[in-house]
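Numbering (the numbering used here), first residue to last: 3 to 149.
Below is one structure; the comments refer to it alone.
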């Protein structure tokens, strides 16, 4: 996999790939990760976008996405985020991104589905956005910032 395959020309240049050791620590906590996601974090790790990013849900709703978790100085370490959401670890869900409003995108390593968890609702509400991480990336749209 290379960056062109992933349609990620919109990713900022300051990304930090996640190491094999870090991936092993994550998998020890939530189980085996889908290979496409492992390739993504091995290539990009924690990263932001050079534009406004949204996930276009098939029902027409848009979910803003700010940054992917991984390993970088600008984004949060995946394991640190997992520590902040003990309910996710007990459910074996992996936080993969956020929307800057305290809501997160999670990956279910067992079936590959990606969900958005809206913590502004009480109780928190979960919305399935994609059946796989690759499908999740397909519905990601980035509009470049005005220069």
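Idealized CB from N, CA, C, for every residue including glycine.
These figures come from a predicted structure and were not determined experimentally.
Item                                                                                                                                     : Value
Quick one, which of 95, 48 and 132 has its alpha-carbon nearest residue 79's?                                                            : 48
Which residues bound the alpha helix (DSSP H) around residue 137?                                                                        : 135 to 140
Tell me the rounded alpha-carbon separation between residue 90 and residue 97.                                                           : 8 angstroms
Please classify residue 122: does DSSP put it in a helix, a strand, or coil?                                                             : coil
Assign residue 105 to one of two classes, buried (16 or more other C-beta atoms within 10 Å of its C-beta) or exposed (fewer than that). : buried
Alpha carbon to alpha carbon, how far is residue 108 from residue 20?                                                                    : 17 angstroms
Cβ of residue 143 within 8 angstroms of Cβ of residue 83?                                                                                : no
Rounded to whole angstroms, what's the CA-CA distance from residue 31 to residue 92? Just pull it up for me.                             : 9 angstroms
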